[in-house]
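Colleague: Below is one structure. I have some questions about it.
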Amino acid sequence: RQSNRNAPPPDEGATLILNDKDGISLQNDCVDTVLTNPPFGTKHNAGIDVQFLRTATRLARKSVYSFHKSSTRDYLLRKVAEWGMEATVVAEMQFELGNTYKYHQKKSVDIAVDLLRVSIPQRQKDDNHDEEETT
């Protein structure tokens, strides 16, 4: 269950949203910028990286910075464009991923990773950002 201890206090008349799609009980547009390092969405959690990115775009007013496997770049750039936003690759790097799960065969592997910047367009107050498809 998600804690509300980091949630900003709601203004009079504002309500916190518990969105069934992302489970994060924070208002839309509650911060200027979100920085996220989601799971890469492989093996048993396919697509979770897109879910993290979508939730981040719901929470951010201005921008999202998010780490993703470089191999998913084209897909993510198209997906973000479908959401009516623009994404750019601001850095390319290598992450050393250590042997942390039983199914990992090597001591460590280097993974090519992009840092994406998603620019959030200014939304109208009546935009229903939550009901858009997340995958």
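Going by the numbering used here, the sequence shown opens with residue 31, and the numbers climb by one from there. Note that the Cβ used here is the ideal one computed from N, Cα and C, for glycine as well.
(1) For the putative contact between Thr66 and Val110, defined by C-beta atoms under 8 Å, what is the C-beta separation to the nearest angstrom?
(2) By the 10 Å Cβ neighbour count, where 16 or more other Cβ atoms means buried, how is Asp140 classified, buried or exposed?
(3) Let me know if Val148 comes out buried or exposed under the rule of 16 or more other beta-carbons within 10 Å of its beta-carbon.
(4) Classify Asp52 as buried or exposed, calling it buried when 16 or more other Cβ atoms lie within 10 Å of its own Cβ.
(5) Determine the burial state of Asp144: buried for a count of at least 16 other Cβ atoms within 10 Å of its Cβ, exposed for fewer.
(6) Can you grab the Cα-Cα spacing for the pair Thr164 / His98, in whole Å?
(7) Taking all protein chains shown into account, do 16 or more other C-beta atoms lie within 10 angstroms of the C-beta of Ala117, making it buried, or fewer, making it exposed?
(8) Quick check: Ser101 and Leu83, are their CB atoms within less than 7 Å of each other?
(9) So, helix, strand or coil for Asp140, using DSSP?
Modeller: According to the data block:
(1) That pair is no contact at about 13 Å.
(2) exposed
(3) buried
(4) buried
(5) buried
(6) Low confidence applies here, because Thr164 scores a pLDDT of 45, under 50, leaving its location unreliable and the question unanswered by this model.
(7) buried
(8) no
(9) strand
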